[in-house]
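S.K.: Count the sequence shown with full-length UniProt numbering and you get residues 1 to 179, in order.
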Amino acid sequence: MSKNLLLILDLDETLIHASSTKLDTEPDFFYEQYFVYKRPFLDTFFKEISAHFLIGIWSSADDIYVQEIIQKITPENINFEIVWGKNRCSLKRDVDLDQYIFEKRLKKLETKGFKLEQVLIVDDTPEKVKVNYGNAIYINPFRGEKEDKELLDLYRYLLQLKSSLNVRTIEKRYWKQSI
Ligand SMILES: [Mg+2]
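#1: Between the alpha carbons of Q160 and Y100, how many angstroms are there, rounded?
#2: For K108, which beta-bridge partners are listed by DSSP?
#3: Are the CB atoms of I57 and I82 nearer to each other than 8 Å?
#4: Look at the Cβ atom of I121, then the Cβ atom of R156, and state whether they are nearer than 8 Å.
#5: Any heavy atom of ligand 1 closer than 7 Å to the CB of D62?
#6: Express the C-alpha separation of W175 and E26 in angstroms, rounding to a whole number.
#7: Just to confirm my understanding: we take E171, look at its own chain, exclude 5 residues before and 5 after, and list those with CB closer than 8 Å. What are they?
#8: With DSSP as the reference, identify every bridge partner of V119, one or two as the case may be.
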């Protein structure tokens, strides 16, 4: 089965929650001063989704943090097309929010041979993917809730898109209503 689409996943609050204070549940692991919680169903999600999509990670956190966290949360036999951190983001002043945002501009993937029609990006922070909103799927932020089922919902939704030839023509804002 050929994989048609590249799925880019954000890290913090999308796949994990790293907290400087301990929540009332045990963390999955520690990273420096952080208690790190994996989003429920993360292992299953990685394994199942990688059968249908090429996958990559793009976070606006420090590159070393991203590399080290990814090593800890990636199941065996999962390969990423990219693992990118803050260095690959573009700093932009958001006038509406009156703050600086590290944007993820998907055009940078063209140098890796990907066309934008083939790229999906999942993020809990719309401002970071604003430039490519046509490629974006917004996910509820994860803050360590044990009962979170967002990755299961996302998996079901993504399966509907896996054969798409142009993801940008698909209305994705109300994705949860279609699963
Ligand atoms: Mg995030």
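For glycine and all other residues, C-beta sits at the position ideal for the given N, C-alpha and C.
M.R.: Based on what the coordinates show:
#1: 35 Å
#2: Bridge partners of K108: none, in fact.
#3: yes
#4: no
#5: no
#6: 32 Å
#7: Cβ within range, chain order: n/a, list empty.
#8: L6
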